[in-house]
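Residue numbers (the UniProt record's numbering): 1 to 521.
Structure record follows, encoded as structure tokens.
This is the structure we're talking about:
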């Protein structure tokens, strides 16, 4: 049985960084940035000086310096996101950097505000803009498109201002908006904005790259629509293949939530591992050098990560796949726990607010549960037949991931799926064909210039049919009696208690297995 090595230094670095971010969040602005920077530098110098004198002192100073560094990162982000805002309504200029999404009477989109009043900002502010629709006069005002420059007159608010939490849910809208890097939000009436021409050079380089990639992704999504894929099939395909969830309706989201398969709508390790294998097999067909094949695959994989918007779950999976590939090329055993810890460190250094992001917590807890528990459960049974082995692998993966994420799902969303096992079997059965068909669909697009549209039409019909089967299957499961347990609630103490009990049970199981192994020897 593969044994998990728990004595890996990157784990302690990740934990110390998380503790530091929480310390910085608790301290707020009472401890200045310069003081945290001085504490970090002093502790780091002490660790370097004491390296040859006392190893324990060196380790303690390194851990404490990592805590101070995490606090520094959190305070720096809080300082950026709490800039003083003008009182009352003010004229602003912004560039739309997100896809508009319809939410009831408003159309929401992301934008970078470059001018407030008469002042041109040196560093643009990320904003969540909500455009109120004119539902009374009957006149339709077209929503701003990706890349448009707009001028509007409205009041700028702090993220999450005026939000009311739902019953049995601890989801904090303000915290989520801050974790996504938003500085302000604004509600704009239908006739208080208009399009203007703004140069893209007023955005940062990263934002300009994201904007260009977003336009390219919109062109790829347009190919789905041009081939007749519409409605719920298009919404699920866009989310599963290119990470665009703007067309997912509340009804469809609820179906996937009640069946415990919401993770398939958010690009994650499942999707990226399939994409990685498809790319590796594709480059392998050219019979090129093994090293070159792996590096080309990783390059294409990271291009895909940028294309889908670099969500936390995809970045985490890409880092772990990259480390695993490099270890394989060097003929070394890949340490999954170290790879997961490194992924957490990279994500938190780039954006310390991700620690409070629900997708970050769910993604990392699911993978952490798999890394720790999977080797212990895998040896319980080795099926002889491949179909039975696949069923056993899918079932144990679903159960282990559910064990790791169930308290967080209950805490944030107030519901728990009952039929998650058969639903995830259906998802696992159809995910690979859907991603493979979409890969060939995009490859077939150049054939349209050679008057071979029938190939793209056939692939689009197969994609639509497979997605329709997935939606109908999950909708049927969600309609069964007792499909989900609603109106259930956990508080923070109960969540911590759950994980404490789970750790104790796993530790007792490992201790018992170690005693049995020593007796057999």
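All residues carry an ideal CB built from backbone N, CA and C; glycine is no exception.
Owing to the predicted nature of the structure, the values given are computational and were not obtained by experimental measurement.
Endpoints, alpha helix (DSSP H) assigned at residue i
i	result
residue 526	The structure shown does not extend to residue 526, since the chain is modelled only from 1 to 521, so the question has no answer here.
residue 118	Note, residue 118: premise wrong, no alpha helix (DSSP H); not H, not E.
residue 49	33–49
residue 258	250–258
residue 160	First-last for residue 160: undefined, no H or E at that position.
residue 422	420–444
residue 22	9–27
residue 477	453–478
residue 246	No alpha helix (DSSP H) contains residue 246, which DSSP labels as neither H nor E.
residue 522	Limits of the chain in this structure are 1 at one end and 521 at the other, which puts residue 522 out of reach.
DSSP-derived helix/strand/coil call for residue i
i	result
residue 83	coil
residue 172	coil
residue 198	coil
residue 75	helix
residue 317	helix
residue 230	coil
residue 99	coil
residue 282	helix
residue 270	helix
residue 297	helix
residue 288	coil
residue 52	coil
residue 407	helix
residue 91	strand
residue 122	strand
residue 133	coil
residue 308	coil
residue 111	strand
residue 68	helix
residue 127	strand
residue 6	Bear in mind that the predicted position of residue 6 carries a pLDDT of just 45, short of 50, making it unreliable; the figure below should be weighed with that in mind. Coil, per DSSP.
residue 138	At residue 138, the pLDDT of 48 sits below 50, so the modelled position is not reliable; the number obtained from the coordinates is stated separately. DSSP places residue 138 in coil when its eight states are reduced to three.
Contacts around residue i, its chain only, beta-carbon distance under 7 Å, and the 5 residues preceding and following it disregarded
i	result
residue 370	397, 400, 401
residue 20	66, 67, 68, 69, 70, 71
residue 255	474, 475, 478
residue 153	89, 91, 192
residue 513	none
residue 406	416
residue 47	58, 61, 62, 65
Enclosing beta strand (DSSP E) for residue i [first to last residue]
i	result
residue 152	149–155
residue 417	415–417
residue 186	184–188
residue 484	484–486
Cβ neighbours of residue i in the same chain (closer than 8 Å, five flanking residues each side left out)
i	result
residue 440	459
residue 138	Confidence at residue 138 is low in this model, with a pLDDT of 48, below 50, so its placement is unreliable and the value that follows should be read with caution. Once the five neighbours on either side are set aside, residue 138 has no close Cβ partner at all.
residue 522	The chain is shown only over 1 to 521; residue 522 falls outside these bounds and no answer can be derived.
residue 114	93, 94, 95, 120, 121, 124, 198, 202, 203
residue 33	72, 75, 76, 79
residue 528	In the structure as shown, the chain begins at 1 and stops at 521. Residue 528 is therefore absent and cannot be evaluated.
residue 211	95, 97, 146, 147, 200, 203
residue 434	237, 240, 241, 463, 466, 467, 470
residue 431	240, 264, 270, 271, 274
Beta-carbon contacts of residue i that lie in its chain and below 6 Å, excluding the five residues immediately before and after
i	result
residue 276	301, 321
residue 57	50
residue 471	232
residue 3	At residue 3 the pLDDT is 45, less than 50, meaning the model places this residue with poor confidence; the figure from the coordinates comes in the next sentence. Excluding positions up to five away in sequence, the list is empty.
residue 296	283
residue 108	101, 130
residue 24	71, 74, 75
residue 482	418
Checklist entry - Would the region 199–207 and the region 299–310 be scored as touching if the rule is three or more Cβ pairs under 8 Å? => result Segments in contact, no.
Checklist entry - Does the region 39–46 come close enough to the region 54–65 that 3 or more CB-CB pairs lie under 8 Å? => result The answer is yes - the region 39–46 touches the region 54–65, with three or more Cβ pairs under 8 Å.
Checklist entry - So does the region 238–248 actually touch the region 91–107, counting three or more Cβ pairs closer than 8 Å? => result yes
Checklist entry - Counting only runs that start and end within the region 360–392, where is the beta strand (DSSP E) found for 3 or more residues in a row? => result none
Next on the checklist: Counting beta carbon pairs with one atom in the region 302–318 and one in the region 352–361, are three or more of them shorter than 8 Å?
Outcome noted: yes
Checklist entry - Taking three-plus beta-carbon pairs below 8 Å as touching, is the region 339–347 in contact with the region 373–392? => result no
Item to check | Three or more C-beta pairs below 8 Å linking the region 501–512 and the region 415–432 | outcome: no
Item to check | Cβ pair count under 8 Å reaching 3, the region 452–468 against the region 223–241 | outcome: yes
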